[in-house]
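Trainee:
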Amino acid sequence: MADTETHDYDVVVVGAGGSGLRAAIAAHEAGARTAIVCKSLLGKAHTVMAEGGIAAAMANVWPEDNWQVHFRDTMRGGKMLNNWRMAQLHAQEAPERVWELEEWGALFDRTPEGKISQRDFGGHRYARLAHVGDRTGLEMIRTLQQRAVDLGIDVFMECTITRLLKDGSAGGNGRVAGAFAYWRETGTFLTFRAPAVVLATGGIGKSFTVTSNSWEYTGDGHAMALWAGASLINMEFVQFHPTGMVWPPSVKGILITESVRGEGGVLRNSEGKRFMFDYIPEFFKAETADNEAEADAWYADHKNNRRPPELLPRDEVARAINSEIKAGRGSPHGGVFLDIATRRTPEDIQRRLPSMYHQFKELGDVDITKEPMEVAPTCHYVMGGVEVDADTQASVVPGLYAVGEVSGGMHGSNRLGGNSLGDLLVFGKRAGEHAAEYVAGLSARPAVAAADVDAAEQEALEPFGRPSGENPYAVMKDLQEHMQSLVGIIRRGDELEQALKEIDRLKERAAHASVQGSGRNYNPGWHTALDLRSMLTVSECIAKSALERTESRGGHTRDDYPATDPEWGKVNLVLTERRGALKLERKPLPQMPDELKELFEEGH
Amino acid sequence: MTYDLNLRVWRGDADGGDFASFRVPVEEGEVVLDAIHRLQAEQAPDLAVRWNCKAGKCGSCSAEINGKPRLMCMTRLSSFDPTETITVTPMRTFPVIRDLVTDVSFNFEKAREVPAFAPAGSNAGGQFRMQQVDVERGQEFRKCIECFLCQNTCHVIRDHEENKPAFAGPRFFIRYAELDMHPLDTLDRREMAQEHEGLGYCNITKCCTEVCPESIKITDNGIIPLKERVVDTKYDPVFLGLKIGRRKDRRKVGPAGGNGPSPIKRPARATTPVGVAAATAVASTPTRSESDSPAPTGSPATTRIVPAPTAAPQSSGSSGGGPTAAAMSAAGSAVSAAGSAVSKVGTAATSDTAKTALPAVGAAAGVGFLAWAIRKSRRR
């Protein structure tokens, strides 16, 4: 422990994306000594990748919009598997959280009256997304980052948490006592002593080959929560965003914002056919246009026309694209065509979708004001995550909170575009406040056991002790390939069983992965070897839950169980871990109160 | 098309380093970062490189490619001849941590100095009203992905470590400009930007604009208008009875450092690089030769007056020196010679802006210039 720094805080927030920053700001403002610990530089978190906007029923464009409509859209988009209370809180509080950003310096696009402009997105009945061109996530993170720095909240950047530490004292009740970390720069260790830890670590997308997610998305928060005794729910629900880039290879998987469709873009197959009309599911028939004329008229007149099928929820669009490609009607590089060029003027495209224009021009040599884009589904988001209390974001482990993508429940089986940024803000604030309140209410601070710190340090150094082991990059690549082919957008029982076997083998290989090269200072090989632990844990969680859920719903499609089963609509799959073994249970969904149920019966 | 790329990468740490040459198989459509990743996965697992989104949105993978400051994820291999050797070095203006990773905490310290946006009232219930045309000016600067390539390129601090304490750099000048242009802000940071953040050091050579991957017109739309606004406050020609640019609605703030120390924590400094018993025993630390040195040596007092050209050799195919190096050598001596005088008076700024700015603002600047000339003559 010679080179281990120790730091004392009330609340340690793990992750500096939208939810982590918002949680830290809230905890700080509630009077807690707060630290932010993040794997990358401050301001680089995955939130910058969010393009479209923040869904909030501010009714700036459509006076008919309100939180009830937003709530209903969210629940329907998630195929009613959402935690109703989270969906309600989100819909109710998102507008205030957006206005707050503006008070902190965010510059959203405006309506002619000078209010925040709102755009259309899949699954949302009204134009509801507050946006800044197509770089809303960047605006959000910069605003929160600048706010956090202005408040003087301590930031440990390029610093990776590897283990949560629990209270070792008698009567500690299994509560959180802190976290163990290493500095990427020096490879030296840190122990955070803190009664409350807020996980805001994002998602798991790095477990797949074709993903819109960055290297950071290794599921650290999911895995650490599980190891610390918390439960995960709905891990089988992984969102494949319908429109990822397919060409050139270096950008395969990189996201093309749904705003392209929100702004009028349409999907076509190799025959030039606007194929989404063939894929309108029964569940959404009443509100979806069945002909091009009505779909096109909708952009100007939402009241008298039904929405275009291109704006169905993401799971529906992704499956449709997948089917077209499989049927041989794909584009030259294995996607379908997303066409905005023939639909809007070059000026409009450049103004409304500047970063998409830039991205294709720079990386793909494609001028999207002249040619269609080639797109295919890409792993984008995990709906599943740490099971939390809706109002406080507290997990079952006292002192442990989870917020944003690492938490589960809010989005049910499928997240609507635009609901993630709102989720980060609404529940980030709640988590930070409640973590601070929890700490203030403690009579004694929990104690970190020295033995636990030693164990964490040993675990972190293990890869150095295997001089002849395998290259961790090779293990990671194989994991990604297996997950992509066996646990991807369309799943089958036998393939999922095979995936679990492969994951067992990969675990064995990862246990022998070694660090080559010299030193602990900024050594990515070492970092990868450590990341493998959480990647394998979350991959196993996904495959195991996916095998269990014998139906298709939202972000989980079973080729062998293509129908949505009402019985499965009543339960969550809950995962816990004991001594390295995963336990899977079915748990009834929380029951929605009658006044909310009515929103669905009236046929809103 | 698949081929083996000749890749030359600077490897080392704060104690020194050298170039290492590799042959890396690459494919059509790939970018420099793909080649670096493949190198890392297959040949050099401990090669340190910073990256996140790989889509030009996060600004992490800044480096110098054949001497040009670029994002590795946005530099396509097809822009080079397949036979050409591509040389990748870390950003020169910041101390090396390891290989291609530099310590950019300078930027986070400067960020801390900016007095935050301060609107007049609360926005509860969404009462703020702003017109699109008014927010668009600020929005251009908020496109910034904080890659710090502009900071890296700016000759005021590139090879001039001694200027760093007094100079915030282009990235933060556009932040000051953004706040000054915000329709609802109530603070006046103009004097602070000039007196304490080193706005006057900038002699608008536009190197920053040239390297900006977001194509932000840093100089034309940010720094020059900000300099004009500074001139408005400093040299308001009261004797003419004009109140051009006076803003009674804003409260003057500053100086730098008023916000307190940076909250960004850094690792407790180990006196020797931390190794692992077995692993580091064999680790050799190559010493950096003078001619190959691509980055600051870590000693704060750099005394060179003319900036050395980037250490990375220019490939035969690309234009020699690149725009930044050329501009730097032209501007470098001016800055060094004028030194602090430039920062106090801002000669370059006022004279140049009169030519380039929009008519109305140009007129204001012209009056400011006149005031400056009068003052100068009085001083004499």
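Going down the list, the protein sequences come from chains A and B.
The numbering used here numbers the first residue of the first sequence as 1 and each following residue consecutively.
The numbering used here numbers the first residue of the second sequence as 1001 and each following residue consecutively.
The C-beta atom is built at its ideal place from N, Cα and C for all residues, glycine as well.
Just so you know, these numbers come straight off a predicted model, no measurement behind them.
#1: Identify every run of the alpha helix (DSSP H) within the region 64-98 of chain A, keeping only runs that are complete inside it and at least 4 residues long; order them along the chain.
#2: Let me know the secondary structure DSSP gives B/R1050 once reduced to three states.
#3: With a cut-off of 8 Å, does the C-beta of B/R1142 fall near any C-beta of chain A?
#4: Could you tell me if A/Q480 is buried or exposed, where buried requires 16 or more neighbouring beta carbons within 10 angstroms of its beta carbon?
#5: Skipping 5 residues on each side, what residues in its chain have a beta carbon closer than 6 Å to that of A/F464?
#6: Per DSSP, what are the beta-bridge partners of A/L338 in this structure?
#7: Is the distance from the Cβ of A/A127 to the Cβ of A/R135 below 8 Å?
#8: Residues of chain B with CB under 8 Å from A/F156, in chain order?
#9: By DSSP's criteria, A/V178 is part of a beta bridge. Which residues make up the other side?
#10: Tell me which same chain residues have a C-beta within less than 8 Å of the C-beta of A/H512, skipping the five on either side of it?
#11: Using alpha carbons as the reference points, say which of A/S545, A/K429 and A/N521 lies closest to A/V98.
#12: Using a Cβ cut-off of 8 Å (strictly closer), state whether A/P63 contacts chain E.
#13: Check whether the Cβ of B/G1169 lies closer than 8 Å to any Cβ atom in chain A.
#14: With which residues is B/P1119 paired in a DSSP beta bridge?
#15: Report yes or no: is there a C-beta of chain A within less than 8 Å of the C-beta of B/K1227?
#16: Using a Cβ-Cβ cut-off of less than 9 Å, list which residues of the region 104-129 of chain A approach chain B; keep chain order.
#17: Let me know the secondary structure DSSP gives A/L589 once reduced to three states.
#18: So the candidates are A/T564, A/L461, A/A300 and A/Y357; which of them puts its Cα closest to the Cα of A/S413?
#19: For A/A513, write down the residues that DSSP places opposite it in a beta bridge.
#20: Looking only at DSSP bridge pairs, what is B/K1265 linked to?
#21: Using the Cα positions of A/V317 and A/H241, report the straight-line distance between them to the nearest angstrom.
#22: If the cut is a Cβ gap below 7 Å, which residues of chain A does B/C1384 touch?
#23: Suppose you measure from the CA of B/V1032 to the CA of B/Q1139; what does that come to, to the nearest Å?
#24: Examine chain B for any beta-carbon lying closer than 8 Å to the beta-carbon of A/R430, and answer yes or no.
#25: Can you find a CB in chain A that lies within less than 8 Å of the CB of B/A1041?
#26: Within the 8 Å Cβ cut-off, does B/G1260 reach chain A?
#27: Which residue from A/E387, A/G262 and A/G328 puts its Cα closest to that of A/R343?
#28: Does B/S1079 have its Cβ less than 8 Å from a Cβ in chain A?
#29: Identify, in the order they occur along the chain, each residue of the same chain with its Cβ nearer than 7 Å to the Cβ of A/K587, setting aside the five sequence neighbours on each side.
#30: Can you pull out the residues from the region 1052-1076 of chain B whose beta carbon lies closer than 9 Å to at least one beta carbon of chain A?
#31: Hey, A/G133 and A/D154 are a contact pair by Cβ (cut 8 Å); roughly how many whole angstroms apart?
#32: Taking Cβ-Cβ distances shorter than 7 Å, what residues in chain B pair up with A/E497?
#33: For A/E292, tell me which candidate among A/A449, A/F275, A/P332 and A/G408 has the shortest Cα-Cα distance.
#34: How close, in whole Å, do the beta carbons of B/R1038 and B/V1114 come, if the pair is a contact with beta carbons under 8 Å?
#35: According to DSSP, is A/D8 helix, strand or coil?
#36: Is the Cβ-Cβ distance between A/A225 and A/S395 less than 8 Å?
Mentor: Let's see:
#1: 67-77
#2: Residue numbering aside, residue 1050 of chain B sits at position 50 when the second sequence is read from its first letter. Coil, per DSSP.
#3: As a position in the second sequence, residue 1142 of chain B is number 142, starting the count at 1. So, interface residue.
#4: Taking the first residue of the first sequence as 1, we reach residue 480 of chain A at position 480. Within 10 angstroms of the beta-carbon of A/Q480 lie 16 or more other beta-carbons, which makes it buried.
#5: The residue given as residue 464 of chain A occupies position 464 in the first sequence. Taken in chain order, the residues that qualify are V515.
#6: As a first step, residue 338 of chain A must be located in the first sequence, where it is residue number 338. A/L267 and A/M373, per the DSSP bridge assignment.
#7: Locating residue 127 of chain A in the first sequence gives position 127, counting from the first residue. Locating residue 135 of chain A in the first sequence gives position 135, counting from the first residue. No, the Cβ-Cβ distance between A/A127 and A/R135 is not below 8 Å.
#8: For the purposes of this step, residue 156 of chain A is identified with residue 156 of the first sequence, where counting begins at 1. Neighbours of A/F156 on chain B, chain order: K1265.
#9: As a first step, residue 178 of chain A must be located in the first sequence, where it is residue number 178. The amino acid at residue 178 of chain A is misidentified as Val; the sequence shows Gly. The partner list for A/G178 (beta bridge, DSSP) reads A/L165 and A/R193.
#10: To locate residue 512 of chain A, count along the first sequence from 1; it is residue 512. Hits under 8 Å: R466, G469 and E470.
#11: In the first sequence, counting from the first residue as 1, residue 98 of chain A sits at position 98. Selected option, being the one with the closest Cα: A/K429.
#12: Annotation note: the requested chain E is absent from the structure, which comprises protein chains A and B.
#13: By 1-based counting over the second sequence, the position of residue 1169 of chain B is 169. For B/G1169, the answer is no, since every Cβ of chain A falls outside 8 Å of its Cβ.
#14: Here residue 1119 of chain B refers to the residue found at position 119 when the second sequence is read from its first residue. Partner(s): B/D1185.
#15: For this step, residue 1227 of chain B is matched to residue 227 along the second sequence. Cβ-Cβ to chain A under 8 Å: no for B/K1227.
#16: Within the region 104-129 of chain A, the residues whose Cβ lies closer than 9 Å to some Cβ of chain B are W104, G105, A106, L107, F108, D109, R110, T111, P112, E113, G114, K115, I116 and S117, listed in chain order.
#17: Looking up residue 589 of chain A in the first sequence gives position 589. Assignment of A/L589 by DSSP, reduced to helix, strand and coil, places it in the coil class.
#18: For the purposes of this step, residue 413 of chain A is taken as the residue at position 413 of the first sequence. Nearest of A/T564, A/L461, A/A300 and A/Y357 to A/S413, Cα basis: A/T564.
#19: Taking the first sequence and counting its residues from 1, one reaches residue 513 of chain A at position 513. Its beta-bridge partners are A/E470.
#20: Mapped onto the second sequence, residue 1265 of chain B falls at position 265. DSSP output for B/K1265 lists A/F156 as bridge partner(s).
#21: Residue mapping note: residue 317 of chain A aligns to position 317 of the first sequence, counting from 1. Residue mapping note: residue 241 of chain A aligns to position 241 of the first sequence, counting from 1. Using only the alpha carbons, I get a separation of about 8 Å.
#22: The question about residue 1384 of chain B has no answer here: the residues shown for chain B are numbered 1001 through 1380.
#23: As a first step, residue 1032 of chain B is located in the second sequence; it is residue number 32 there, counting from the start. As a first step, residue 1139 of chain B is located in the second sequence; it is residue number 139 there, counting from the start. CA-to-CA, the gap between B/V1032 and B/Q1139 works out to about 29 Å.
#24: The residue labelled residue 430 of chain A in the question sits at position 430 within the first sequence. For A/R430, the answer is no, since every Cβ of chain B falls outside 8 Å of its Cβ.
#25: Counted from its first residue, the second sequence places residue 1041 of chain B at position 41. It does; some Cβ of chain A falls within 8 Å.
#26: Residue 1260 of chain B sits at position 260 when you count from the first residue of the second sequence. Chain A, which has a Cβ nearer than 8 Å to the Cβ of B/G1260, makes this yes.
#27: Sequence index remark: in the first sequence, residue 343 of chain A carries index 343 (1-based). Among A/E387, A/G262 and A/G328, the Cα nearest to that of A/R343 is on A/G262.
#28: The sequence position of residue 1079 of chain B within the second sequence is 79, counting from 1. With 8 Å as the cut-off, B/S1079 does not count as an interface residue toward chain A.
#29: Position 587 of the first sequence, counting from 1, holds the residue named residue 587 of chain A. So the qualifying residues of the chain are V571, N572 and V574.
#30: Of all residues in the region 1052-1076 of chain B, only N1052, C1053, K1054, A1055, G1056, K1057, C1058, G1059, S1060, C1073, M1074 and R1076 place a beta-carbon less than 9 Å from a beta-carbon of chain A.
#31: Start at 1 with the first residue of the first sequence, and residue 133 of chain A comes out as number 133. Start at 1 with the first residue of the first sequence, and residue 154 of chain A comes out as number 154. With 8 Å as the limit, A/G133 and A/D154 do not qualify as a contact, their Cβ atoms being about 32 Å apart.
#32: On the first sequence, position 497 is the one that residue 497 of chain A refers to. Residues of chain B passing the Cβ test: none, with the nearest at roughly 29 Å.
#33: Counting from 1 along the first sequence, the entry for residue 292 of chain A is found at position 292. It is A/F275.
#34: As a first step, residue 1038 of chain B is located in the second sequence; it is residue number 38 there, counting from the start. As a first step, residue 1114 of chain B is located in the second sequence; it is residue number 114 there, counting from the start. Between B/V1114 and B/R1038 the Cβ distance is about 39 Å, and since that is not below 8 Å, they are no contact.
#35: Within the first sequence, the letter at position 8 stands for residue 8 of chain A. A/D8 falls in the strand class under three-state DSSP.
#36: Position 225 of the first sequence, counting from 1, holds the residue named residue 225 of chain A. Position 395 of the first sequence, counting from 1, holds the residue named residue 395 of chain A. Yes, these two residues count as a Cβ contact at 8 Å.
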